[in-house]
Amino acid sequence: MKIKKALIPLVLTALLALAATPALATEIEQGTAAPTYTNTGDTSVTASVDTTYTITIPDSDTLKFEKLTGTAEEAAHTKTFNVSAKGVTLEPGKQLNVTVSGENNDFKMTNAALSSVKLPYTITPAAGSALRPGGTIASFANNSTETVISTLIVNAPTMGAGNYSDTLTFTCTVADKTP
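Here the sequence shown stands for residues -25 to -1, 1 to 154, where the numbers follow mature numbering (1 follows the signal peptide of the UniProt record, and there is no 0).
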């Protein structure tokens, strides 16, 4: 019961505060010109829409190779992965570019035991040629829900024994649309 007694004054105070808020409006005065006695008024309508997007890149398991051998067929050294977009909202005339690079702006995995030993690899989008590090792997337009399929190929015959790794960095940039 004490809570109800304390709550009632708070609710009444809130209602009085809301009632004291001035109305935000434009007034139109009655016109004086016969025969209609009308007048008009204008008001602006505005909106702001933020740039938004969600890009999905491959997880580490997608690009994890099993044991590679220097004599294995090329298919054993190839991984296919997707870069996809959804919920892309951009300004008119803009596109979303996704670039990819490896550590040290290179496409080489480093041997865990001896960092000077490298295992090179290439990344090739389905509709294109091998990328240079920092190259554009995908471009997405406004309202895009595309998936770009790419391939990572390890150049295994040049490798030495050991465990190799690298980190791919995907960077999204909104830029002017290219023809």
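All residues carry an ideal CB built from backbone N, CA and C; glycine is no exception.
Please list the terminal residues of the continuous beta strand (DSSP E) segment that includes residue i.
| i | result |
| --- | --- |
| Val73 | Lys69 to Ser76 |
| Lys61 | Thr53 to Thr64 |
| Lys93 | Lys93 to Pro100 |
| Asn14 | Where Asn14 is concerned, there is no enclosing beta strand (DSSP E), given that its DSSP letter is neither H nor E. |
| Ala150 | Thr144 to Asp151 |
| Thr126 | Thr122 to Val129 |
In three-state DSSP terms, what is residue i?
| i | result |
| --- | --- |
| Asn138 | coil |
| Asn117 | coil |
| Asn79 | helix |
| Gly109 | coil |
| Ile32 | coil |
| Thr37 | coil |
| Thr26 | coil |
Determine the direct distance from the alpha carbon of residue j to that of residue i, and round the result to whole angstroms.
| i | j | result |
| --- | --- | --- |
| Thr26 | Ser91 | 42 Å |
| Thr53 | Gly62 | 30 Å |
| Thr55 | Thr144 | 17 Å |
| Ile32 | Glu121 | 13 Å |
Roughly how far, in whole angstroms, is the beta-carbon of residue i from the beta-carbon of residue j, given that I think they are within contact range, below 8 Å?
| i | j | result |
| --- | --- | --- |
| Asn57 | Tyr96 | Contact flag wrong, Cβ pair sits at about 17 Å. |
Cβ contact (3+ pairs, closer than 8 Å) linking the segment 79 to 94 and the segment 110 to 124: Look at the beta carbons and you see the segment 79 to 94 not touching the segment 110 to 124: under three pairs across the two are nearer than 8 Å.
Inter-stretch contact (C-beta, 8 Å, three-pair minimum) for the segment 134 to 141 and the segment 52 to 71: The segment 134 to 141 is not in contact with the segment 52 to 71.
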